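Reading through the structure tokens given below for one structure.
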Amino acid sequence: MFDDEYYMRQALREAQLAFEADEVPVGAVVVWGDKIIARGHNQVERLNDCTAHAEMIALTAAFNGIGAKYLPEATLYVTVEPCLMCSGALYWSKIGRIVYGASDPKNGYKKTTGENWPFHPKTQLSNGTMAQECAQLMKDFFARKRQ
1 MFDDEYYMRQ ALREAQLAFE ADEVPVGAVV VWGDKIIARG HNQVERLNDC
51 TAHAEMIALT AAFNGIGAKY LPEATLYVTV EPCLMCSGAL YWSKIGRIVY
101 GASDPKNGYK KTTGENWPFH PKTQLSNGTM AQECAQLMKD FFARKRQ
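Next comes the structure, spelled out in structure tokens:
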């Protein structure tokens, strides 16, 4: 059995793919049991689609992969705090657990909801897993953009 750090490293690999593609470097993986069933990274620029966030892509792949519209036994690992749009999708997915790395005070769900719970009532939430590594990738990306 792997731990949260192992799966967050996998999400960071996805975020690195986004970074290399000049996308905002957010990555996500969906885990069921101890198996990664879906992966995603931001593809907003590539797809010219403002909804093509890492979480949305990973959720869609997970739904298609298991042939179901709900993920109550799954965990989403995502490198950055989900935005309000992604939080809504996570609510409807009934995902069992969400683990995110870095907080996002500018675009994360807490900016709109405060500490109010935007997820399904049964969803468990953990944050801060590898937060420094996740935040550093974002800082490096935006520093490169400002050059």
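Residue numbers (the UniProt record's numbering): 1 to 147. All C-beta atoms in this analysis are idealised placements derived from N, C-alpha and C, irrespective of residue type, glycine included. All of these numbers come straight from a predicted model, not from anything done at the bench.
Going by DSSP in three states, residue i sits in which element: helix, strand or coil?
| i | result |
| --- | --- |
| residue 123 | coil |
| residue 87 | helix |
| residue 44 | helix |
| residue 64 | helix |
| residue 51 | coil |
| residue 70 | coil |
| residue 106 | coil |
From which residue to which residue does the beta strand (DSSP E) around residue i run?
| i | result |
| --- | --- |
| residue 38 | 35-41 |
| residue 95 | Premise fails: residue 95 is in no beta strand (DSSP E) and is neither H nor E. |
Can you tell me which residues form a DSSP beta bridge with residue i?
| i | result |
| --- | --- |
| residue 76 | 30, 98 |
Where does residue i land, buried or exposed, given buried means 16+ other C-beta within 10 angstroms?
| i | result |
| --- | --- |
| residue 112 | exposed |
| residue 50 | exposed |
| residue 126 | exposed |
| residue 104 | buried |
| residue 42 | buried |
| residue 77 | buried |
| residue 25 | buried |
Taking residue i as part of the alpha helix (DSSP H), name the residues at either end of that continuous run.
| i | result |
| --- | --- |
| residue 19 | 4-20 |
| residue 139 | 131-146 |
Anyone know if the C-beta pair for residue i and residue j falls short of 7 Å?
| i | j | result |
| --- | --- | --- |
| residue 83 | residue 107 | yes |
| residue 12 | residue 79 | yes |
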